[in-house]
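Protein sequences appear in the order of chains Y and S.
Mapped onto the working numbering, the consecutive letters of the first sequence carry residue numbers 508 to 679.
Mapped onto the working numbering, the consecutive letters of the second sequence carry residue numbers 12 to 67.
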Amino acid sequence: MNRKKHKRRRETPAGKIFCRVYLFIKAMHLPRYPYKTNNNFLEYEFISAGPKGNIKKVVRLTRIASNIFNLGFGDLEESTGEIDDISITNNNDSRKVLATVASIVHDFTLRYHKALVTAKGSTVSRTRLYRMGITTHWLAINADFEVFGFQNGSWWPFELQTDYDAFLIRRR
Amino acid sequence: MKDAKKNKKTSSKKIRAIIDSSVGNYEKHPFFVRKANEMKELIEKAGLPKELYEKK
Numbered sequence: 508m509n510r511k512k513h514k515r516r517r518e519t520p521a522g523k524i525f526c527r528v529y530l531f532i533k534a535m536h537l538p539r540y541p542y543k544t545n546n547n548f549l550e551y552e553f554i555s556a557g558p559k560g561n562i563k564k565v566v567r568l569t570r571i572a573s574n575i576f577n578l579g580f581g582d583l584e585e586s587t588g589e590i591d592d593i594s595i596t597n598n599n600d601s602r603k604v605l606a607t608v609a610s611i612v613h614d615f616t617l618r619y620h621k622a623l624v625t626a627k628g629s630t631v632s633r634t635r636l637y638r639m640g641i642t643t644h645w646l647a648i649n650a651d652f653e654v655f656g657f658q659n660g661s662w663w664p665f666e667l668q669t670d671y672d673a674f675l676i677r678r679r
Numbered sequence: 012m013k014d015a016k017k018n019k020k021t022s023s024k025k026i027r028a029i030i031d032s033s034v035g036n037y038e039k040h041p042f043f044v045r046k047a048n049e050m051k052e053l054i055e056k057a058g059l060p061k062e063l064y065e066k067k
């Protein structure tokens with residue numbers, strides 16, 4: 508009975524707006540790690556904490572054309588200086604890590620407002636994980652960003668339930 | 012009500028990063044150079060979304 512009542516509420520124009528606002532606020536308050544950047548806002552570091560201990564993650568937005576930046580991120584092995592994005596960290600915090608990277612993109616595009624940001628997972632399953640993250644928070648992302656997916660050699664406006672090989676976003 | 016609207020507007024425009032000069036410079040790190048080159052190659056081949064050209 509209650510469910511039916513809630514469904515009816517969601518179907519009204521006011522209910523739809525309420526749902527959108529609720530999802531937007533929910534996405535804005537996802538748990539994320541605190542992160543640091545230097546003065547150029549291109550490099551970011553944060554610590555993933557979990558059962559495997561503290562793992563330093565580094566994110567960099569590398570300029571590949573005048574206003575196009577590629578997002579790369581991985582685990583920093585401090586003793587060797589190597590960065591790894593292939594191994595599975597198993598720190599039980601993939602959502603929190605993804606939310607932190609999303610927040611970094613949010614910050615970066617506030618600083619570089621006209622930037623196009625590209626991203627590609629290190630493996631097919633990681634790229635799919637990015638797609639799932641975008642899908643889950645689509646309302647909040649779509650409100651602020653235009654999103655494109657790369658598939659069959661071309662870029663397409665992002666569609667839910669579609670797998671892509673890479674992503675490109677731009678602040679609206 | 013006006014204040015609430017104003018806060019909502021500014022909250023999503025807030026930079027959350029802590030600025031710290033101890034953050035490393037990874038500009039020439041082979042990992043990021045390789046990732047950037049892969050994407051550069053993709054864009055050189057496929058271009059950008061046509062919707063972006065239309066808006067220019």
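Every residue, glycine too, gets a C-beta built ideally from N, C-alpha and C.
Here the structure is a predicted model, which means the values were calculated and not measured.
is_contact[residue 65 of chain S, chain Y] using C-beta, thresh 7 Å
Residue mapping note: residue 65 of chain S aligns to position 54 of the second sequence, counting from 1. For residue 65 of chain S, the answer is no, since every Cβ of chain Y falls outside 7 Å of its Cβ.
Where residue 48 of chain S falls: helix, strand or coil (DSSP)
Along the second sequence, read from residue 1 onward, the residue named residue 48 of chain S stands at position 37. Three-state result, residue 48 of chain S: helix.
Between the CA atoms of residue 545 of chain Y and residue 647 of chain Y - distance to the nearest angstrom:
Locating residue 647 of chain Y in the first sequence gives position 140, counting from the first residue. Locating residue 545 of chain Y in the first sequence gives position 38, counting from the first residue. Cα to Cα, residue 647 of chain Y sits roughly 27 Å from residue 545 of chain Y.
Roughly how many angstroms separate the alpha carbons of residue 671 of chain Y and residue 638 of chain Y, rounded to a whole number?
Residue numbering aside, residue 671 of chain Y sits at position 164 when the first sequence is read from its first letter. Residue numbering aside, residue 638 of chain Y sits at position 131 when the first sequence is read from its first letter. The alpha-carbon atoms of residue 671 of chain Y and residue 638 of chain Y are separated by roughly 7 Å.
Other residues of its chain near residue 667 of chain Y: CB distance less than 7 Å, five sequence neighbours each side excluded
Position 160 of the first sequence, counted from the start, is the residue given in the question as residue 667 of chain Y. Same-chain partners within the cutoff: 642, 645.
I want to know whether the stretch 583-599 of chain Y touches the stretch 611-626 of chain Y - three or more CB-CB distances under 8 Å.
no
Go ahead and label residue 582 of chain Y buried or exposed: buried means 16 or more other beta carbons lie within 10 angstroms of its beta carbon, across all protein chains shown.
Along the first sequence, read from residue 1 onward, the residue named residue 582 of chain Y stands at position 75. Residue 582 of chain Y should be labelled buried.
Taking DSSP's pairing of strands, which residues face residue 551 of chain Y in a bridge?
As a working mapping, residue 551 of chain Y is identified with position 44 in the first sequence. DSSP output for residue 551 of chain Y lists Y:544, Y:566 as bridge partner(s).
So, does the CB of residue 621 of chain Y fall closer than 7 Å to a CB anywhere in chain S?
Residue mapping note: residue 621 of chain Y aligns to position 114 of the first sequence, counting from 1. Taking Cβ atoms only, chain S never reaches closer than 7 Å to residue 621 of chain Y, which makes this a no.
Alpha carbon to alpha carbon, what distance is there between residue 679 of chain Y and residue 29 of chain S?
Residue 29 of chain S sits at position 18 when you count from the first residue of the second sequence. Residue 679 of chain Y sits at position 172 when you count from the first residue of the first sequence. Between residue 29 of chain S and residue 679 of chain Y, the C-alpha separation is close to 25 Å.
I need the straight-line Cα distance from residue 630 of chain Y to residue 37 of chain S, nearest angstrom please.
Counting from one through the first sequence, the residue named residue 630 of chain Y turns up at place 123. Counting from one through the second sequence, the residue named residue 37 of chain S turns up at place 26. Their Cα atoms are separated by approximately 22 Å.
Close Cβ partners of residue 552 of chain Y (< 6 Å) along its chain, the five nearest in sequence each way excluded
Start at 1 with the first residue of the first sequence, and residue 552 of chain Y comes out as number 45. Correct list, in chain order: 543, 565.
What residue range is occupied by the uninterrupted beta strand (DSSP E) comprising residue 577 of chain Y?
Here the question's residue 577 of chain Y lines up with position 70 in the first sequence. Annotation for residue 577 of chain Y: the continuous beta strand (DSSP E) segment containing it runs 575-584.
Would you say residue 617 of chain Y faces chain S, with C-beta separation under 7 Å as the test?
Residue 617 of chain Y sits at position 110 when you count from the first residue of the first sequence. A Cβ of chain S is located within less than 7 Å of the beta carbon of residue 617 of chain Y.
If we ignore side chains and look at the alpha-carbon of each, how far apart do residue 664 of chain Y and residue 658 of chain Y end up?
The sequence position of residue 664 of chain Y within the first sequence is 157, counting from 1. The sequence position of residue 658 of chain Y within the first sequence is 151, counting from 1. So the alpha carbons of these two residues sit roughly 10 Å apart.
Check the Cβ-Cβ distances between residue 39 of chain S and every residue of chain Y, and say whether any is below 7 Å.
Walking along the second sequence from the start, residue 39 of chain S turns up at place 28. With 7 Å as the cut-off, residue 39 of chain S does not count as an interface residue toward chain Y.
Looking at the unbroken beta strand (DSSP E) that takes in residue 624 of chain Y, where does it start and where does it end?
Numbered from 1 along the first sequence, position 117 holds the residue referred to as residue 624 of chain Y. Residue 624 of chain Y -> beta strand (DSSP E) spans 623-626.
Please list, in chain order, all residues of the same chain as residue 468 of chain Y whose beta carbon is under 7 Å from its beta carbon, the five residues on each side excluded.
Residue 468 of chain Y falls outside the range modelled here, since chain Y spans only 508 to 679, and no answer is possible.
Rank Y:557, Y:536, Y:541, Y:576 by C-alpha distance to the C-alpha of residue 46 of chain S and give the top, closest one.
On the second sequence, residue 46 of chain S is found 35 positions in, with the first residue counted as 1. Y:576 is the residue among Y:557, Y:536, Y:541, Y:576 whose C-alpha sits nearest the C-alpha of residue 46 of chain S.
Buried or exposed: which applies to residue 60 of chain S, given that a residue is buried once 16 or more other Cβ atoms fall within 10 Å of its Cβ?
Against the second sequence, residue 60 of chain S aligns to sequence position 49. Residue 60 of chain S should be labelled buried.
Do residue 549 of chain Y and residue 606 of chain Y have their C-beta atoms closer together than 7 Å?
To locate residue 549 of chain Y, count along the first sequence from 1; it is residue 42. To locate residue 606 of chain Y, count along the first sequence from 1; it is residue 99. No.
Would you list, in chain order, the members of the stretch 544-562 of chain Y that have their beta-carbon closer than 9 Å to a beta-carbon of chain S?
544, 545, 546, 547, 548, 549, 550, 551, 552
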